[in-house]
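Reviewing the structure listed below.
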Amino acid sequence: MSPANDLFNPVNVAGLRVAAIRTSDLIEIVADQCRSCDADRTGGGRRLDSGASEPSRPRSPLLISYANAWSCCLARDHPDYAHILNETAQIVYADGQSVVWASRWLGRPLPERVNAGDFWPDLLSRLAVRGASVYLLGGVPGLAEATAHALTRLVPDLKIAGTHHGYFADNSSEEAAVAAAIRVAAPSVVFVGMGAPRQERWAARHLDDLGASVLWCVGALFEYFGGRRSRAPVWMRRFGLEWLYRLALEPARLWRRYLIGNLRFLGLVLRQRRGSIQ
Numbered sequence: 132m133s134p135a136n137d138l139f140n141p142v143n144v145a146g147l148r149v150a151a152i153r154t155s156d157l158i159e160i161v162a163d164q165c166r167s168c169d170a171d172r173t174g175g176g177r178r179l180d181s182g183a184s185e186p187s188r189p190r191s192p193l194l195i196s197y198a199n200a201w202s203c204c205l206a207r208d209h210p211d212y213a214h215i216l217n218e219t220a221q222i223v224y225a226d227g228q229s230v231v232w233a234s235r236w237l238g239r240p241l242p243e244r245v246n247a248g249d250f251w252p253d254l255l256s257r258l259a260v261r262g263a264s265v266y267l268l269g270g271v272p273g274l275a276e277a278t279a280h281a282l283t284r285l286v287p288d289l290k291i292a293g294t295h296h297g298y299f300a301d302n303s304s305e306e307a308a309v310a311a312a313i314r315v316a317a318p319s320v321v322f323v324g325m326g327a328p329r330q331e332r333w334a335a336r337h338l339d340d341l342g343a344s345v346l347w348c349v350g351a352l353f354e355y356f357g358g359r360r361s362r363a364p365v366w367m368r369r370f371g372l373e374w375l376y377r378l379a380l381e382p383a384r385l386w387r388r389y390l391i392g393n394l395r396f397l398g399l400v401l402r403q404r405r406g407s408i409q
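The structure is reproduced here in structure tokens:
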């Protein structure tokens with residue numbers, strides 16, 4: 132497999148290869164991937180003028196994840212996580228505004244911030260039109276189910292293939308059972324919300340054995356759509372201050388991530404600009 136993001140003009144930000152991609156492009160890529168892979172499953176392909184179906188070329192599943200200041204720091208501490216993002220995942224998009232700002236400062240500007248919380252319903256609407264199904268994996272018991280109910284209210288035609296919480300031991304018999312259940316459910320897209328780097332490790336382990344078109348690591352996305360957390364006001368998101376909103380709500384849990392993590396990220400970018408790190 133080619134290194135991550137080779138088709139998307141990757142930009143090196145603090146050691147992570149971040150795809151130079153827009154939200155609209157990402158939605159289109161995922162929708163097209165699901166259409167093509169679902170055709171592979173059913174044996175269908177593009178219709179020829181003769182009326183026959185052209186055999187479709189099997190596509191490898193996509194692994195999608197994101198980059199923000201904290202994930203750049205985690206990648207420095209966990210080489211296996213960095214390897215997954217840089218070598219296994221095909222798309223790693225700029226979830227954090229700080230990553231976009233850093234890319235500009237480094238002289239290779241990313242086009243925009245791509246935040247799943249802003250476009251998830253639009254993406255799911257596209258998938259619903261194509262008849263694609265989704266599986267929600269992660270969160271505390273009950274959260275994935277609550278998120279599924281919320282999503283079907285937003286997108287009534289959406290097919291939910293199944294849900295499961297993320298509270299199981301890694302490399303355990305329960306993990307194997309969860310993977311087997313997903314294979315049986317045969318979703319087009321599996322959204323994995325177990326936090327970095329655990330979700331990326333899980334997705335990399337099961338990328339080729341679930342039969343899904345896309346495995347997408349989404350962090351805390353279920354918590355917002357499942358009603359456990361509120362998002363920052365639009366104006367704060369526009370100015371890259373969503374982290375400050377989250378810190379104000381949960382200082383005891385998030386102070387290290389946002390205070391120490393942001394400073395460390397700034398240091399990494401400074402060193403990269405000076406050429407002392409790659």
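In case it helps, the numbering used here puts the sequence shown at residues 132 to 409.
We treat Cβ as the ideally placed atom computed from N, Cα and C, and that holds for glycine.
DSSP-derived helix/strand/coil call for residue i
i: VAL400; result: helix
i: LEU372; result: coil
i: PRO186; result: Note that PRO186 scores a pLDDT of 40, beneath 50, so its modelled location is shaky and nothing firm can be said.
i: GLY175; result: Residue confidence for GLY175 is low, a pLDDT of 48 falling below 50, so the modelled location carries little weight; the figure read from the coordinates is stated next. The answer is coil: DSSP assigns GLY175 none of H, G, I, E or B.
i: ARG414; result: Outside the shown range of the chain, which is 132 to 409, sits residue 414, and nothing can be said about it.
i: LEU338; result: coil
i: ASN143; result: strand
i: ARG148; result: strand
i: LEU193; result: strand
i: LEU241; result: coil
i: ALA198; result: strand
i: ILE391; result: helix
i: ALA225; result: strand
Pairwise C-alpha distance: residue j and residue i
i: ASN140; j: GLY270; result: 33 Å
i: GLU159; j: GLY262; result: 15 Å
i: THR283; j: ARG405; result: 49 Å
i: LEU267; j: GLY324; result: 8 Å
i: GLY293; j: VAL265; result: 7 Å
i: ARG153; j: ALA225; result: 9 Å
i: ARG387; j: TRP374; result: 12 Å
i: GLY358; j: LEU274; result: 9 Å
i: ARG395; j: PRO287; result: 43 Å
i: GLY371; j: ALA379; result: 15 Å
i: GLY227; j: ALA383; result: 21 Å
i: SER361; j: GLN403; result: 35 Å
i: ARG368; j: PHE322; result: 23 Å
i: TYR376; j: ALA363; result: 6 Å
i: ALA150; j: ALA312; result: 32 Å
i: ASP163; j: LEU157; result: 10 Å
i: LEU138; j: LEU401; result: 27 Å
i: ASP180; j: GLU218; result: In this predicted model, ASP180 has a pLDDT of only 44, less than 50, meaning its place in the structure is not dependable; the value taken from the coordinates is given anyway. Rounded to the nearest angstrom, the two C-alpha atoms are 40 Å apart.
i: TRP232; j: PRO242; result: 10 Å
i: ASP303; j: TRP333; result: The displayed chain sequence assigns Ser, not Asp, to residue 303. Near 12 Å, if we compare the C-alpha coordinates of TRP333 and SER303.
Sequence-distant residues of the same chain with beta carbon closer than 8 Å to residue i, five excluded per side
i: LEU399; result: ALA145, GLY146, CYS203, CYS204, ARG207 and ILE408
i: CYS165; result: LEU258, ARG261, ALA263, SER319, VAL320, SER344 and VAL345
i: PHE299; result: GLU305, GLU306 and VAL309
i: ARG314; result: ASP340, LEU341 and GLY342
i: ALA99; result: A query on residue 99 cannot be resolved here, the shown segment of the chain reaching from 132 to 409 and no further.
i: ALA183; result: For ALA183, the pLDDT reaches just 40, beneath the cut-off of 50, and the residue's location in the model is therefore unreliable, although a value from the coordinates is still provided. Once the five neighbours on either side are set aside, ALA183 has no close Cβ partner at all.
Endpoints, the alpha helix (DSSP H) within which residue i is located
i: LEU268; result: LEU268 -> not in any alpha helix (DSSP H); beta strand (DSSP E) instead, spanning 264 to 269.
i: VAL231; result: 228 to 236
i: ILE313; result: 304 to 316
i: GLY248; result: 247 to 260
i: ALA383; result: 382 to 386
Given residue i as reference, the closest of the options once Cα atoms are compared
i: ALA351; options: ALA162, ALA220 and ALA247; result: ALA247
i: SER155; options: PRO210, ASP253 and ARG148; result: ASP253
i: ASN143; options: VAL286, LEU237, SER361 and TRP366; result: LEU237
i: HIS280; options: ASP211, ARG244 and GLU354; result: GLU354
i: ALA335; options: ALA150, LEU194 and ALA162; result: LEU194
i: ARG148; options: LEU138, LEU216, ARG377 and ALA200; result: LEU216
i: PRO272; options: GLN228, TRP201, VAL245 and HIS295; result: HIS295
i: SER229; options: ALA220, VAL245 and GLN221; result: VAL245
i: PHE250; options: ARG360, PRO382, VAL161 and GLN403; result: VAL161
i: PRO328; options: ARG190, LEU138 and ASP211; result: ASP211
i: GLY326; options: GLN403, GLU381 and TRP347; result: TRP347
i: ALA316; options: ASN302, SER303 and LYS290; result: LYS290
i: SER191; options: ALA150, LEU157, HIS337 and ASP301; result: HIS337
i: LEU285; options: SER256, ALA150 and ALA311; result: SER256
Beta-carbon proximity list for residue i, same chain, < 6 Å, skipping 5 on both sides
i: LEU397; result: none
i: PRO240; result: SER234
i: HIS209; result: PRO328
Where the beta strand (DSSP E) containing residue i begins and where it ends
i: THR294; result: 290 to 295
i: LEU216; result: Per DSSP, LEU216 belongs to no beta strand (DSSP E) and is neither H nor E.
Sequence-distant residues of its chain with Cβ nearer than 7 Å to residue i (five each side left out)
i: TRP201; result: ARG388 and GLY392
i: SER196; result: LEU216, ALA220, VAL223, GLU331 and CYS348
i: ALA277; result: GLY357 and GLY358
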